[in-house]
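Only one structure is covered here, and it is reproduced in the block below.
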Amino acid sequence: LPANLPVIPLDKESDAAGVGKAVVMMGYPSGVDRLMATIPENEARSLRERYGASVEAMLTYLAERNYIKPLTTQGHITALDNRDLVYDARNAVGGSGSPLFGQTGRVIGVNFATFTEMADQNYAVPIRYVFPLLERAGWKPDQPGEEQNANANSNAATPKDARPTTNQSR
3 LPANLPVIPL DKESDAAGVG KAVVMMGYPS GVDRLMATIP ENEARSLRER YGASVEAMLT
63 YLAERNYIKP LTTQGHITAL DNRDLVYDAR NAVGGSGSPL FGQTGRVIGV NFATFTEMAD
123 QNYAVPIRYV FPLLERAGWK PDQPGEEQNA NANSNAATPK DARPTTNQSR
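Just so you know, the sequence shown maps onto residues 3 to 172 in my numbering.
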(Lines of atoms letter the chains of each structure in order from A and count residues from 1; the text may use other names and numbers.)
(Lines give C-alpha, C1' and ligand atoms only; values in the text may rest on other atoms or scores of the structure.)
Protein backbone atom coordinates (compact mmCIF):
# COMPACT_ATOMS: atom_id res chain seq x y z
CA LEU A 1 0.00 0.00 0.00
CA PRO A 2 1.17 3.57 -0.63
CA ALA A 3 2.77 5.17 2.44
CA ASN A 4 0.58 8.28 2.14
CA LEU A 5 -2.73 6.44 1.93
CA PRO A 6 -5.24 8.22 4.19
CA VAL A 7 -6.69 6.12 6.97
CA ILE A 8 -10.20 6.50 8.33
CA PRO A 9 -10.29 7.01 12.11
CA LEU A 10 -11.27 3.97 14.15
CA ASP A 11 -13.26 4.30 17.36
CA LYS A 12 -11.43 2.41 20.09
CA GLU A 13 -13.97 3.30 22.78
CA SER A 14 -15.93 0.29 23.98
CA ASP A 15 -19.12 2.31 24.52
CA ALA A 16 -19.15 3.82 21.00
CA ALA A 17 -21.69 1.22 19.88
CA GLY A 18 -24.94 0.92 21.79
CA VAL A 19 -28.52 0.05 20.96
CA GLY A 20 -30.29 3.17 19.70
CA LYS A 21 -27.11 5.06 18.78
CA ALA A 22 -27.00 6.70 15.36
CA VAL A 23 -24.80 5.22 12.63
CA VAL A 24 -23.82 6.09 9.07
CA MET A 25 -22.90 3.45 6.49
CA MET A 26 -20.76 4.45 3.51
CA GLY A 27 -19.96 2.02 0.76
CA TYR A 28 -20.42 0.77 -2.76
CA PRO A 29 -23.15 -1.88 -2.59
CA SER A 30 -24.29 -3.23 -5.95
CA GLY A 31 -20.98 -2.13 -7.50
CA VAL A 32 -20.91 -0.91 -11.07
CA ASP A 33 -24.66 -1.40 -11.56
CA ARG A 34 -25.48 1.22 -8.90
CA LEU A 35 -22.82 3.60 -10.21
CA MET A 36 -24.17 3.32 -13.75
CA ALA A 37 -27.68 4.05 -12.46
CA THR A 38 -26.48 7.42 -11.13
CA ILE A 39 -25.34 8.83 -14.47
CA PRO A 40 -27.56 10.10 -17.33
CA GLU A 41 -29.28 7.22 -19.13
CA ASN A 42 -27.89 8.07 -22.57
CA GLU A 43 -24.33 8.19 -21.18
CA ALA A 44 -24.81 4.83 -19.41
CA ARG A 45 -26.15 3.25 -22.62
CA SER A 46 -23.18 4.61 -24.57
CA LEU A 47 -20.74 3.27 -21.97
CA ARG A 48 -22.27 -0.21 -22.11
CA GLU A 49 -22.05 -0.20 -25.91
CA ARG A 50 -18.47 1.09 -25.84
CA TYR A 51 -17.02 -1.12 -23.09
CA GLY A 52 -19.35 -4.13 -23.04
CA ALA A 53 -18.54 -6.42 -20.12
CA SER A 54 -15.24 -4.70 -19.24
CA VAL A 55 -15.92 -3.62 -15.67
CA GLU A 56 -12.40 -2.25 -15.32
CA ALA A 57 -12.79 0.03 -18.36
CA MET A 58 -16.17 1.29 -17.13
CA LEU A 59 -14.78 1.99 -13.65
CA THR A 60 -11.82 3.84 -15.15
CA TYR A 61 -14.19 6.02 -17.20
CA LEU A 62 -16.44 6.69 -14.17
CA ALA A 63 -13.44 7.52 -11.95
CA GLU A 64 -11.94 9.93 -14.50
CA ARG A 65 -15.21 11.87 -14.47
CA ASN A 66 -15.61 11.78 -10.66
CA TYR A 67 -18.77 9.70 -10.89
CA ILE A 68 -17.66 7.21 -8.25
CA LYS A 69 -19.28 8.28 -5.01
CA PRO A 70 -20.25 6.10 -2.06
CA LEU A 71 -23.79 5.36 -1.07
CA THR A 72 -24.31 6.99 2.33
CA THR A 73 -27.22 6.00 4.56
CA GLN A 74 -28.19 6.70 8.16
CA GLY A 75 -29.78 4.52 10.78
CA HIS A 76 -29.43 3.19 14.30
CA ILE A 77 -27.98 0.19 16.05
CA THR A 78 -30.91 -2.12 16.74
CA ALA A 79 -29.17 -5.01 18.51
CA LEU A 80 -25.79 -6.03 19.87
CA ASP A 81 -24.19 -9.26 20.81
CA ASN A 82 -20.58 -10.17 21.45
CA ARG A 83 -19.77 -10.61 17.75
CA ASP A 84 -22.23 -8.46 15.79
CA LEU A 85 -23.60 -4.95 15.51
CA VAL A 86 -27.06 -5.09 13.96
CA TYR A 87 -28.16 -1.83 12.35
CA ASP A 88 -30.94 -0.49 10.16
CA ALA A 89 -29.15 1.95 7.82
CA ARG A 90 -30.05 0.87 4.29
CA ASN A 91 -27.54 -1.35 2.54
CA ALA A 92 -27.53 -3.90 -0.27
CA VAL A 93 -25.74 -6.98 -1.52
CA GLY A 94 -22.14 -6.05 -2.25
CA GLY A 95 -21.81 -3.73 0.75
CA SER A 96 -19.46 -6.05 2.64
CA GLY A 97 -16.36 -4.25 3.84
CA SER A 98 -18.14 -0.91 4.10
CA PRO A 99 -17.29 1.12 7.20
CA LEU A 100 -20.00 1.77 9.76
CA PHE A 101 -19.44 5.15 11.42
CA GLY A 102 -20.61 5.96 14.94
CA GLN A 103 -21.71 9.27 16.38
CA THR A 104 -18.15 10.63 16.59
CA GLY A 105 -17.55 10.12 12.87
CA ARG A 106 -15.14 7.26 13.58
CA VAL A 107 -15.51 3.68 12.37
CA ILE A 108 -17.20 1.40 14.90
CA GLY A 109 -17.71 -1.61 12.65
CA VAL A 110 -17.22 -3.20 9.24
CA ASN A 111 -20.30 -4.39 7.35
CA PHE A 112 -20.30 -8.09 6.54
CA ALA A 113 -23.90 -9.09 5.81
CA THR A 114 -27.33 -7.91 4.75
CA PHE A 115 -30.41 -9.93 5.53
CA THR A 116 -32.13 -9.59 2.14
CA GLU A 117 -35.57 -10.59 3.44
CA MET A 118 -35.51 -7.71 5.94
CA ALA A 119 -33.99 -4.63 4.29
CA ASP A 120 -33.37 -2.92 7.63
CA GLN A 121 -31.33 -5.71 9.19
CA ASN A 122 -27.62 -5.43 8.42
CA TYR A 123 -24.62 -6.80 10.29
CA ALA A 124 -21.22 -5.32 11.09
CA VAL A 125 -18.20 -6.78 12.87
CA PRO A 126 -17.32 -4.57 15.86
CA ILE A 127 -14.09 -2.67 15.22
CA ARG A 128 -12.30 -4.40 18.12
CA TYR A 129 -12.07 -7.53 15.93
CA VAL A 130 -10.36 -5.56 13.16
CA PHE A 131 -7.35 -4.45 15.23
CA PRO A 132 -5.60 -7.87 15.33
CA LEU A 133 -5.99 -8.23 11.54
CA LEU A 134 -4.57 -4.77 10.93
CA GLU A 135 -1.66 -5.41 13.29
CA ARG A 136 -0.84 -8.66 11.48
CA ALA A 137 -0.72 -6.64 8.27
CA GLY A 138 1.83 -4.26 9.81
CA TRP A 139 -0.42 -1.48 11.07
CA LYS A 140 0.61 0.13 14.35
CA PRO A 141 -2.06 1.87 16.42
CA ASP A 142 -1.41 5.33 17.84
CA GLN A 143 -0.06 5.22 21.37
CA PRO A 144 -2.25 6.75 24.10
CA GLY A 145 -1.60 10.48 24.37
CA GLU A 146 0.08 10.68 20.94
CA GLU A 147 -1.26 13.13 18.42
CA GLN A 148 -2.50 11.54 15.24
CA ASN A 149 -0.23 12.21 12.29
CA ALA A 150 -0.43 11.81 8.55
CA ASN A 151 1.51 8.58 8.01
CA ALA A 152 -0.16 5.41 6.78
CA ASN A 153 -0.02 3.80 10.22
CA SER A 154 -2.08 6.51 11.86
CA ASN A 155 -5.65 7.66 11.77
CA ALA A 156 -4.95 10.75 9.66
CA ALA A 157 -8.51 11.94 9.11
CA THR A 158 -10.30 13.82 11.85
CA PRO A 159 -13.81 12.81 12.92
CA LYS A 160 -15.17 15.80 10.97
CA ASP A 161 -13.40 14.55 7.82
CA ALA A 162 -15.00 11.13 8.22
CA ARG A 163 -18.54 12.49 8.31
CA PRO A 164 -20.28 12.50 4.96
CA THR A 165 -21.19 15.89 3.55
CA THR A 166 -24.46 14.55 2.21
CA ASN A 167 -26.54 11.74 3.62
CA GLN A 168 -29.38 9.83 2.12
CA SER A 169 -32.03 9.17 4.70
CA ARG A 170 -34.51 6.43 4.55
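Where is the CB? At the ideal position from N, CA and C, for every residue including glycine.
Requested in this report: Answer with buried or exposed for Phe133, where buried requires no fewer than 16 other C-beta atoms within 10 angstroms of its C-beta.
Outcome: exposed
Report task. Measure the Cβ-Cβ separation of Met27 and Thr75 and say whether it is below 8 Å. Result -> yes
Query raised in the report: When you compare each of Ala94, Tyr63 and Asp83 to Leu73 by their alpha carbons, which one comes out closest?
Result: Ala94
Query raised in the report: Does the Cβ of Glu148 have 16 or more other Cβ atoms within 10 Å, making it buried, or fewer, making it exposed?
Result: Low confidence applies here, because Glu148 scores a pLDDT of 40, under 50, leaving its location unreliable and the question unanswered by this model.
Query raised in the report: Does the beta-carbon of Met60 have 16 or more other beta-carbons within 10 angstroms, so that it is buried, or is it exposed?
Result: buried
Query raised in the report: Are the beta-carbon atoms belonging to Val112 and Gly99 less than 8 Å from one another?
Result: Yes, the pair counts as a contact, with Cβ atoms nearer than the cut-off.
Report task. Kindly indicate the opening and closing residues of the beta strand (DSSP E) around Val26. Result -> Ala24 to Gly29
Query raised in the report: Which value, in whole angstroms, describes the spacing of the CA atoms of Tyr30 and Trp141?
Result: 24 Å
Requested in this report: With a cut-off of 8 Å on the beta carbons, I'd call Ile129 and Leu12 a contact; round off their distance for me.
Outcome: The C-beta distance from Ile129 to Leu12 rounds to 5 Å, short enough to meet the 8 Å contact threshold.
Query raised in the report: What separation, rounded to the nearest whole angstrom, lies between the Cα atoms of Leu82 and Gly54?
Result: 43 Å
Requested in this report: Report the three-state DSSP secondary structure of Val34 (helix, strand or coil).
Outcome: helix
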